[in-house]
Each structure stands twice: as C-alpha cells, then as structure tokens.
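Mapping the sequence shown onto UniProt numbering, position 143 (from 1) lands on 143, and the numbers just tick up by one.
Here a beta-carbon is modelled for each residue, glycine too, at the ideal position from N, C-alpha and C.
These notes are about the structure you will find just below.
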Amino acid sequence: MRFPKDVPVLTDQGIRLRAPRLEDVEAMVEMYRDPDTQYWSGSPPTDDREEAELDVTERIPKGWRVGTRRTWVIEYGGEYAGAITLSGGESGVGSVGFTGHPAYRGKGLATRAVRLVLAHAFDDLGWHRVTWCAFVGNWAARRVAWRTGFRNFFTTHGAGPADGERRDEWIASIGRDDEREPQNHWWQVPVIETERFRLREYRDSDVERAAEMSNDERTLHWLANLPKPFGRQDAEQYLARGREGQASGERVGWVVADPDTDELLGDVGVFGLHSRSDQTSGELGYSAHPEARGRGLITAAVGRVIEQAFLPIDEGGLGRLRLEIRAAKGNLASIQVAEANGFTRAGVLRAADHRRDGSYDDLVIFDLLISDRG
C-alpha cells in the first residue's frame, strides 16, 4: 500500500475521510491539548508539535502499510474536525476508535464517520465484526456507538490502561449483517416545572443528598437490598446505574427538586422499560428525603411522572400503557402514594419482601392502565 495515494477517500453527508497531511498538524495539536481528549484517550498529556508531525509522517503511514491500523482525518467544510481509526482485522475482526476536534463536537460528525468506516470494514475489507470500547463515563462516545448500531454493551473492570492506572471500560460490537441503527431507546429526562417542585435529571452535585436519603433508617428498613450504611460512594454508583439504565433503555429517573433552591427532595423512577416480551409496561419506584416527608410532594411528583409515562414516545413520553407499583404490606406511606394516584390493588405476593432481620413481608401489587385515566 502506498501512503497516502492508496488511502481510500470516504465521503457522505458533508464529511470527507482522507489521509492525514502535514497541514493538519496545527489542528491536531489543538485536539491533543484539549483536556477532554487527554482524559478520555488515557494517554499521557502532550501538546508537542513534533509528536503530531510524527503521527502524520511515520506512525499513521506505518499503520496503513502494515494493514493493522487505518487512520483517517475527519474533514468537515474543508477543515480538520477529528480522526477515526480502524484497528486490527485479523480473522475478520477489528475495532473502531475516534476523536473529535473540540471546535466540531456536537455536530454528529463522529456518527457519520463511524457509519462510513463500518461500511468500508464490512464491504471492502471483508470483516465480519467490529468492536468499540471507551472508558466508562465517556457518554459522548457511547452515544455515537449506540446511534450506529453497536449492541450488547457491557463493562470490563480495570481493563483500560490510562496514564499509569487502570480504568473500567465499556465494550460493544456490531456484525456485518446487523442493523446500523439504535437497538433501544436512550431515554431523555425532560425538566418538568410545577409550583411545588421541579422534576429533573440527577446531577453529580446531588450525591450528598442522595446518600442522606438512602441512609435514612426508614428507607433502609423498606429497601433491604441497599447497603447499610449507605455512603457517598454508594450514591455515586446509584447515579451511574441510573445513567446506564437510561442509555440501555431500561429505566428513567427524575430528581424531585425544590423549585427555588434546586435541592434534592426525593426521586421517582420508571424501570423495566426494555422487556423483550412487552415494551408497553413499566414499574414505578420512589423515595423521599427525610426533610420532604409529610408534605405530599412525592405523591404529586409520582402523579406528574405517570402523565409523562403515558405520553406517546413521539411526544417525548415513555409510551407506556400499563404501570405497576410494588410495596411492602407494612409500608403504608408507599401504599398511600399508589392509592392516591388511582392505582388498583391487583394482588399480593405472600412473604415476598425480605427484611434485614431475616423476616418477610407480603408484597402488594398495584397497577394502573392508561385506559383507567379516561
């Protein structure tokens, strides 16, 4: 292979993938200096122009000649907008990685570039599977992989080398014959304003209040699956699982926040949204911070989330036809929330709710159909 002459030029939807050139070096250095690029690449920080020149003149050409690392510039409007690489290919399996120049992020360029190189890998190189990986928390890269049809996302702990340490990684893949479109909903969390509260997504700044809410004795009594004590790290993991649930289409959750201070007062979630057998049902769960109890806030917040859950997906809702609440027979506050919102007692699972002392409580099942709302 002759570099750059034999590097295929791939074009679609306003972007052009081509071989790197020396005139790209300045923009490459800008990208290398970007803090997000440095953190998510896991490479030692560098802003060395000589390193960028070596990439263009030696490292990238060698990868093309050997056939194990094919790197293109993502060009948009005639400007350097990032880079994308196909690596490996032995036995028809390789991987894709990409980085966007900070000035061109948020324009969907990486998504278009991934679709182009997938077509090249499958149609021209004869590959049968492409994998993708990124450090856990790199939601921008995860969204690109999701949009382009990667599936079966999972986490490998401590698998990713990152500047002298090991980080958790997400891994997913796509096959030659797989559909190159999202395989599930990635639920958004719309902000819902009312006079008494605001419903919004969780933020990192909510960790302390979330830990206080879940470390409360009443909460720990009814939710025996929670760690006791429930600390800051547990709350961080709870937030991470919630974001993962939104990305996988499994759940969506709202913070119930004070409309003036934006302080967390509780939360409401809908989960079980990605069942293979039924994607029209969901289960509601809710908790109140001790300071917010006895004010009817959670009852009202659940009512507003019910409206959102029954709203069609194309109108920004969850498209549910049936909702369920499960509450321990002795949890009268939770039962009151269900009944106040029109749920019907559908049945009882006897001795199905485990307590920390080894005892069991009956679990009461409530349901609400969209048709019940008139």
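Subject >> Closest by C-alpha distance to residue 152, when choosing among 330, 183, 159 >> reply: Within the sequence shown, residue 152 is the residue found at index 152, counting from 1. Among 330, 183, 159, the Cα nearest to that of residue 152 belongs to 183.
**OP:** Determine the extent of the beta strand (DSSP E) in which residue 224 is found, giving its start and end residues.
**Re:** Translated into positions along the sequence shown, residue 224 becomes position 224. Unbroken run through residue 224: none, as it is neither H nor E.
Original post:
With 16 as the cutoff for other CB atoms within 10 Å, does residue 148 come out buried or exposed?
Top reply: Counting from one through the sequence shown, the residue named residue 148 turns up at place 148. By the neighbour-count rule (16 or more Cβ atoms within 10 Å), residue 148 is buried.
Subject >> residue 178 beta carbon less than 9 Å from that of residue 255 >> reply: Position 255 of the sequence shown, counted from the first residue, corresponds to residue 255. Position 178 of the sequence shown, counted from the first residue, corresponds to residue 178. Not a contact, by the Cβ cut-off of 9 Å.
**OP:** Identify the continuous alpha helix (DSSP H) that holds residue 256 and give its terminal residues.
**Re:** For the purposes of this step, residue 256 is taken as residue 256 along the sequence shown, with counting starting at 1. From DSSP, residue 256 is part of no alpha helix (DSSP H) but of the beta strand (DSSP E) over 251-257.
**OP:** Could you tell me whether the region 96-104 touches the region 43-57, where touching means 3 or more Cβ pairs closer than 8 Å?
**Re:** no
Original post:
Do you know whose CA, among 185, 342, 11, 154, lies nearest residue 251's CA?
Top reply: Position 251 of the sequence shown, counted from the first residue, corresponds to residue 251. Closest option to residue 251, Cα to Cα, is 185.
**OP:** Name the two residues that bound the continuous beta strand (DSSP E) containing residue 278.
**Re:** The sequence position of residue 278 within the sequence shown is 278, counting from 1. Taken as a continuous stretch (DSSP letters only), residue 278 belongs to no beta strand (DSSP E), as it is neither H nor E.
Original post:
DSSP on residue 99, reduced to helix/strand/coil?
Top reply: Working through the sequence shown from its first residue, we reach residue 99 at position 99. It is a strand residue.
**OP:** Can you tell me the Cβ-Cβ gap for residue 175 and residue 128, rounded? I've got them flagged as a contact below 8 Å.
**Re:** As a position in the sequence shown, residue 175 is number 175, starting the count at 1. As a position in the sequence shown, residue 128 is number 128, starting the count at 1. Indeed, because the Cβ distance is near 6 Å, the residues count as touching under 8 Å.
Original post:
Hey, how far is the Cα of residue 111 from the Cα of residue 333?
Top reply: Your numbering for residue 111 matches position 111 in the sequence shown. Your numbering for residue 333 matches position 333 in the sequence shown. Going from the Cα of residue 111 to the Cα of residue 333 covers about 47 Å.
Subject >> Same chain, Cβ closer than 8 Å to residue 275, neighbours up to 5 away in sequence not counted >> reply: One-based indexing of the sequence shown puts residue 275 at position 275. These residues qualify, in order along the chain: 281.
Original post:
Are the beta-carbon atoms of residue 16 and residue 10 separated by less than 9 Å?
Top reply: Walking along the sequence shown from the start, residue 16 turns up at place 16. Walking along the sequence shown from the start, residue 10 turns up at place 10. Taking 9 Å as the Cβ cut-off, residue 16 and residue 10 qualify as a contacting pair.
**OP:** Kindly give me the distance between the Cβ atoms of residue 364 and residue 350, rounded to whole angstroms, as I take these residues to be in contact under 8 Å.
**Re:** For this step, residue 364 is matched to residue 364 along the sequence shown. For this step, residue 350 is matched to residue 350 along the sequence shown. Not a contact, Cβ separation roughly 10 Å.
**OP:** State the start and end residues of the unbroken alpha helix (DSSP H) segment that holds residue 30.
**Re:** Start at 1 with the first residue of the sequence shown, and residue 30 comes out as number 30. Residues 25-33.
Original post:
Is the distance from the Cβ of residue 273 to the Cβ of residue 213 below 9 Å?
Top reply: Mapped onto the sequence shown, residue 273 falls at position 273. Mapped onto the sequence shown, residue 213 falls at position 213. No.
Subject >> From 220, 155, 95, 188, residue whose alpha carbon lies closest to that of residue 173 >> reply: Within the sequence shown, numbered from 1, the residue matching residue 173 stands at position 173. Residue 95 is the option with its Cα nearest to residue 173.
Original post:
Alpha carbon to alpha carbon, how far is residue 193 from residue 137?
Top reply: Within the sequence shown, numbered from 1, the residue matching residue 193 stands at position 193. Within the sequence shown, numbered from 1, the residue matching residue 137 stands at position 137. One C-alpha to the other measures close to 28 Å.
**OP:** Please state whether DSSP places residue 73 in a helix, a strand or coil.
**Re:** Within the sequence shown, numbered from 1, the residue matching residue 73 stands at position 73. Three-state DSSP puts residue 73 in a strand.
Original post:
Can you tell me whether DSSP reads residue 293 as helix, strand or coil?
Top reply: As a first step, residue 293 must be located in the sequence shown, where it is residue number 293. Coil at residue 293, not helix or strand.
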